[in-house]
Amino acid sequence: MTRGNGTGVLRAVVVGGGLTGLSGAYYLKKECERLGVPLRLTVVDAARSPGGKIDTLRKDGFVIERGPDSFLARKLPMWELAKNLGLEDELTGTNPEAKKTYILKGGQLHPMPPGLVLGIPTDWASFLKSGLVSEAGKLTASLDFVTPARPSAAEPGRPEADDESLGDFLTRRLGREVLEHIAEPLLAGIYAGDTFELSLQSTFPQFRQAELEHGSLIRGMAASLRAQAAPSPLPERLRGTMFLTFRRGLGSLVEALERELAGSLTTGVRVDAIGKARAEGDDKFTYALRLSNGETLEADAVLLAVPNGEIASLLSPHDSRVGELGRTPYVSVANVILGLKAEDAPRQLDGSGFVVSRAEGRFITAATWTSAKWLHTAPRDKLLIRSYVGRAGREEWQQMDDEEIVRRVRSDLREVMGLTAEPEFAYVTRLPQSMPQYRVGHLGLLRDVRESMARTLPGVWIAGAGLEGVGLPDCIRQGRDAAAQMAKRAAEALLASQ
């Protein structure tokens, strides 16, 4: 909002209709209402429908997620948004009878040892009984209790100076076996990445904090587990579960946000360029967004909630530092959903599924026994299994057609689970360039980019999975925080003009 636009209205444009952009737009609308800032809001998304990777299919009693399927219950921005949207009662946790998770090693499914916290063993007695790690590997992991913490090189408030790869850190604290057979299948699956390329500070900074505070990763994560036992703001029925989702799927959240933003959404249109001009009679800038349909949007505030490459393309003409975000690697992944008869299950599905380490050389990276983990997702007499394909360095599936992908997935499920039945249906969802890979030093780059943008592009914000967390609550938090800054800046401008 500037005196130069002559209207007294904040003209805000959100680019990107995924969860980050929709959340940012929703919170901007609410915050402007609270602060008394008149708002003209436009959300532009190149896709035909908003929601980004969220893609819920409801069919014949099935609730099928073709994109993300859940979120961490301990990350509260999702619950807070659901509550604001009146969806709190729609939230549901995992099946309490399916708490086991398996790890594939040597072609066999091994139950995950109790007490794992993000792949770190905290129940030492259970860990010692596990067949996932050899006696020598367990001895190496035990050295974590006596190995001094590496001194911190970070300056106050700048943890990026203390960065290293996730793989190097875990090998240093627990040894290669624990990394390869327990931690990597669980943690790298979140990012579909190579742990020796992923930034520790950008993925799991709590590991380094545990080492520094407790002198031991294991002791530190055990302490964090005890801390999690503190009272939760979540309703009683939602406690005691690691993951949450919505009974009618994550699409419920997108639909609710669409209703809140009715009249502000423009889909199927891409932003091709962003121009900058100084507002007449003011020391602030206005922005002109040129759209693929030939139109131009004038804006006082812009939120870019798109992949890093698109951010770099649109903003690097004004700030070369932002262009460095375009070098962020992305990995392509896919998922394959099979629907079967419940009687076709070759074994009791007594858990949520299994994860697969790189060392196994399998086509799939994990499989979720969806109908066992989430009871609302399939009729009682049906079975729903979702398998994951693709990770850093293993993206050959992109050259295959859907039929070949399904064949390869079924081959793995047959060998691992003994599943031989012909599925009643199969859905393949391709998610090209969907998993950002935070490299060592990512936080420092992001800090530098934002400091530079504050000088060269005042009134422009960036947010999204490529920046500060790939989880759905992380995306919501980024959109919400950007919205708060946008509204605050507009309120200050309004006050100054009066």
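So in full-length UniProt numbering, spot 363 of the sequence shown is number 363, and the numbers just go up one at a time.
Cβ coordinates follow ideal geometry from the N, Cα and C atoms, glycine included.
Given the structure is predicted, the values throughout are model-derived calculations rather than measurements.
For Leu200 and Ser165, the gap between their C-alpha atoms comes out near 5 Å.
A contact is defined here as three or more CB-CB pairs under 8 Å, and the segment 81 to 98 fails this definition with respect to the segment 385 to 404. Residues Val389, Trp397, Arg408, Val409, Ser411 and Asp412 of the same chain have their beta carbon placed closer than 8 Å to that of Phe363, with the five preceding and five following residues left out of the count. A distance below 7 Å between beta-carbons, with the five flanking residues on each side excluded, links Met78 to the following residues of its chain, in chain order: Phe71, Leu472, Pro473 and Ile476.
Between the segment 37 to 53 and the segment 323 to 331, the count of Cβ pairs shorter than 8 Å is below three; the stretches do not touch. By the Cβ-count criterion, Met486 is buried, with 16 or more other Cβ atoms from all chains shown falling within 10 Å of its own Cβ. A Cβ-Cβ contact shorter than 8 Å links Gly220 with Ala210. If you keep only unbroken alpha helix (DSSP H) runs of at least 4 residues inside the segment 266 to 336, you get 308 to 315 and 320 to 323. Setting aside the 5 residues that flank it on each side, Leu303 is surrounded in the same chain by Val14, Gly24, Trp461 and Ala482, each with a C-beta closer than 6 Å to its C-beta; the list follows chain order. For the options Gly16, Pro38 and Arg40, the alpha carbon positioned closest to that of Lys53 is the one of Gly16. By the Cβ test, the segment 233 to 250 is in contact with the segment 93 to 112, since at least three Cβ pairs between them sit closer than 8 Å. When the beta-carbon positions are compared, Glu31 and Ala484 come within less than 8 Å of each other. Residues Ala288 of the same chain have their beta carbon placed closer than 6 Å to that of Gly275, with the five preceding and five following residues left out of the count. For Gly175, no alpha helix (DSSP H) segment is defined, and its DSSP state is neither H nor E. Judged by their CB atoms, Pro185 and Val356 are nearer to each other than the 8 Å cut-off. According to the DSSP assignment, Arg11 belongs to the beta strand (DSSP E) that extends over Leu10 to Val15. The C-alpha of Glu213 is placed about 32 Å away from the C-alpha of Arg358.
DSSP lists Leu91 as the beta-bridge partner residues of Phe246. Here Leu349 carries a coil assignment [DSSP, helix/strand/coil]. By the Cβ-count criterion, Leu139 is exposed, with fewer than 16 other Cβ atoms from all chains shown falling within 10 Å of its own Cβ. Counting only residues of its own chain and dropping the five nearest sequence neighbours on each side, Asp272 has a CB closer than 8 Å to the CB of Arg290, Leu291 and Ser292.
In this structure the segment 334 to 343 touches the segment 372 to 389; the number of beta carbon pairs closer than 8 Å is three or more. Sixteen is the threshold: when 16 or more other Cβ atoms of the shown chains lie within 10 Å of the Cβ of Gln478, as they do, the residue is buried. Phe71 is bridged by DSSP to Leu244. The Cβ-Cβ distance between Thr377 and Val63 falls below 8 Å. DSSP places Gln485 in no beta strand (DSSP E) but in the uninterrupted alpha helix (DSSP H) bounded by Leu472 to Ser497. It is roughly 36 Å from the alpha-carbon of Ala222 to the alpha-carbon of Tyr27. When the Cα atoms are used, Ile182 and Ser264 turn out to be separated by approximately 46 Å. Residue Ala301 holds the alpha-carbon nearest to the alpha-carbon of Met453 among Thr296, Ala301 and Thr370. If you draw a straight line from the Cα of Ser434 to the Cα of Gly175, it is about 30 Å long. When the five nearest sequence neighbours on each side are left out, the beta carbons in the same chain lying within less than 6 Å of the beta carbon of Ala463 are those of Thr20, Ala305, Gln478, Gly479 and Ala482, in order along the chain.
Pro436 and Leu238 have their C-alpha atoms some 30 Å from each other. In this structure, the beta-carbon distance from Ser49 to Thr267 falls below 8 Å. In this model, Pro231 and Glu80 are separated by some 16 Å (Cα to Cα).
In this structure, the straight-line span from the alpha carbon of Lys99 to that of Val440 is close to 34 Å.
The straight-line gap separating the alpha-carbon atoms of Ser152 and Gln206 is approximately 14 Å.
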